[in-house]
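There are 2 protein chains.
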Amino acid sequence: MAVVELYTDGAARGNPGRGGYGAILKWGAHEKEMSAGYKLTTNNRMELLAVIIGLEALTRDGCEVEVYSDSKYVVDAVKLGWVFGWQKKGFKDKANPDLWVRFLQVYKKHKVRMNWIRGHNDHPYNERCDVLATTAADGGNLLTDTGYLALQISSKGKS
Amino acid sequence: MAVVELYTDGAARGNPGRGGYGAILKWGAHEKEMSAGYKLTTNNRMELLAVIIGLEALTRDGCEVEVYSDSKYVVDAVKLGWVFGWQKKGFKDKANPDLWVRFLQVYKKHKVRMNWIRGHNDHPYNERCDVLATTAADGGNLLTDTGYLALQISSKGKS
RNA sequence: UGACACCUUAUCGC
DNA sequence: GCGATAAGGTGTCA
Numbered sequence: 007m008a009v010v011e012l013y014t015d016g017a018a019r020g021n022p023g024r025g026g027y028g029a030i031l032k033w034g035a036h037e038k039e040m041s042a043g044y045k046l047t048t049n050n051r052m053e054l055l056a057v058i059i060g061l062e063a064l065t066r067d068g069c070e071v072e073v074y075s076d077s078k079y080v081v082d083a084v085k086l087g088w089v090f091g092w093q094k095k096g097f098k099d100k101a102n103p104d105l106w107v108r109f110l111q112v113y114k115k116h117k118v119r120m121n122w123i124r125g126h127n128d129h130p131y132n133e134r135c136d137v138l139a140t141t142a143a144d145g146g147n148l149l150t151d152t153g154y155l156a157l158q159i160s161s162k163g164k165s
Numbered sequence: 007m008a009v010v011e012l013y014t015d016g017a018a019r020g021n022p023g024r025g026g027y028g029a030i031l032k033w034g035a036h037e038k039e040m041s042a043g044y045k046l047t048t049n050n051r052m053e054l055l056a057v058i059i060g061l062e063a064l065t066r067d068g069c070e071v072e073v074y075s076d077s078k079y080v081v082d083a084v085k086l087g088w089v090f091g092w093q094k095k096g097f098k099d100k101a102n103p104d105l106w107v108r109f110l111q112v113y114k115k116h117k118v119r120m121n122w123i124r125g126h127n128d129h130p131y132n133e134r135c136d137v138l139a140t141t142a143a144d145g146g147n148l149l150t151d152t153g154y155l156a157l158q159i160s161s162k163g164k165s
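Chains A and B are the protein sequences, given in the same order. Note that the working numbering has the first sequence beginning at 7, numbered continuously upward. Note that the working numbering has the second sequence beginning at 7, numbered continuously upward.
Here it is in structure tokens:
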């Protein structure tokens with residue numbers, strides 16, 4: 007089975023603000039582009055969601071996937087094992103538990119390797135993902151990031 | 007004592023590149039125009055120098071001065087108090103310390119209010135300052151901005 | 001304290 | 001359409 011490549015990027019105007027993600031799945035000669043925009047979210051949620059959406063688009067289990075992201079938050083969380091520690095402690099005091107739980111679910115179905123690439127490096131797929139993300143963020147039909155909203159409400163409840 | 011008005015503008019072709027400043031002091035029915043060109047400088051240095059030259063042209067201390075500039079860099083640095091914070095930290099990692107020190111020296115001699123005006127707003131004095139600045143930049147007899155040169159040399163020394 | 005990312009504003013330009 | 005000169009901030013982690 008061939009290796010699948012997944013390129014991702016996220017954007018959030020204002021941060022927090024209107025945002026979007028872009029993802030490109032590449033296997034053999036095939037490519038699939040994915041993107042969506044959200045009314046109110048954060049840069050890191052979009053960076054992470056881009057990876058999740060990409061992985062969830064795989065139609066078979068057990069794929070060997072090379073993920074490319076410019077987010078240290080996302081790449082190091084997996085590569086350095088942070089997220090597995092967070093999981094053990096129930097994501098106490100850690101951000102975006104909803105997305106990380108969703109990520110781990112799809113992550114364990116495949117052989118995923120995370121790769122960090124510097125942003126704005128004239129890497130064509132990374133640039134394309136940036137365009138997908140920002141175009142989605144700037145477009146109409148914006149979705150509601152209920153996960154972010156829930157976090158906002160719960161933090162307000164705490165204070 | 008009447009209020010003095012000071013209109014200013016800066017220009018830099020290429021940025022960094024050949025540049026100039028223009029300043030108009032207006033008190034009562036009197037006006038004084040000032041300008042000069044530099045061989046190699048930046049837009050922001052010229053915007054700031056325009057204000058300095060204007061204030062230094064005041065012949066008495068304690069003047070009430072309304073300064074009009076289209077540079078947020080210059081206006082907000084004073085109006086929002088950034089420059090006083092920079093001063094406390096010795097301008098560490100901040101740009102143009104030579105000019106800001108010179109500015110503060112003359113600034114404290116007067117009652118200065120900074121006003122931001124949008125560029126290209128068909129404000130006659132702002133437009134005249136733009137002409138003064140660009141004409142100076144495009145003319146002969148260009149001066150050497152030793153402050154900018156010093157900064158360039160010291161950054162090269164660091165790398 | 002550091003790192004990566006996301007931006008926001010203004011001006012100067014090419 | 002692009003970049004440089006400058007500043008301010010948040011989202012996240014160690």
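Don't be surprised by glycine CBs; every beta carbon is placed ideally from N, CA and C. None of the values given here were measured: they were computed from a predicted structure.
Query, Result
"Exposure label - A:Leu105; buried when at least 16 CB within 10 Å", "buried"
"In chain order, each alpha helix (DSSP H) run of at least 4 residues that lies wholly inside the stretch 94-151 of chain A", "103-113, 130-144"
"Rounded straight-line distance, which links the Cα of A:Asn127 to that of B:Tyr74", "40 Å"
"Where B:Gly28 sits in the DSSP three-state scheme", "strand"
"Own chain, CB closer than 7 Å to A:His129, minus 5 neighbours either side, in chain order", "Ile123"
"Length-filtered (3 minimum) beta strand (DSSP E) runs lying within the stretch 60-100 of chain A", "70-75"
"Rounded straight-line distance, which links the Cα of B:Thr47 to that of A:Trp33", "51 Å"
"Distance between A:Phe109 and A:Asn121 (C-alpha atoms, nearest Å)", "16 Å"
"B:Asp15: CB within 7 Å of a non-hydrogen atom of the ligand PLP", "As presented, the structure is devoid of all ligands, the ligand PLP included, so that no description of it is given."
"Identity of the residue in B:Val107, B:Ala29, B:Gly68 nearest B:Lys117 by Cα", "B:Gly68"
"Supposed contact pair B:Gly60 and B:Ala29 - C-beta distance, whole angstroms, cut 8 Å", "4 Å"
"Delimiting residues of the beta strand (DSSP E) encompassing A:Thr14", "10-18"
"Spatially closest choice to A:Gly139 from A:Tyr13, A:Gly23, A:Tyr27, A:Val10, by CA coordinates", "First, the amino acid is wrong: residue 139 of chain A is Ala here, not Gly. Checked all of A:Tyr13, A:Gly23, A:Tyr27, A:Val10; the closest Cα to A:Ala139 is A:Tyr27."
"A:Gly34, DSSP secondary structure in three states", "coil"
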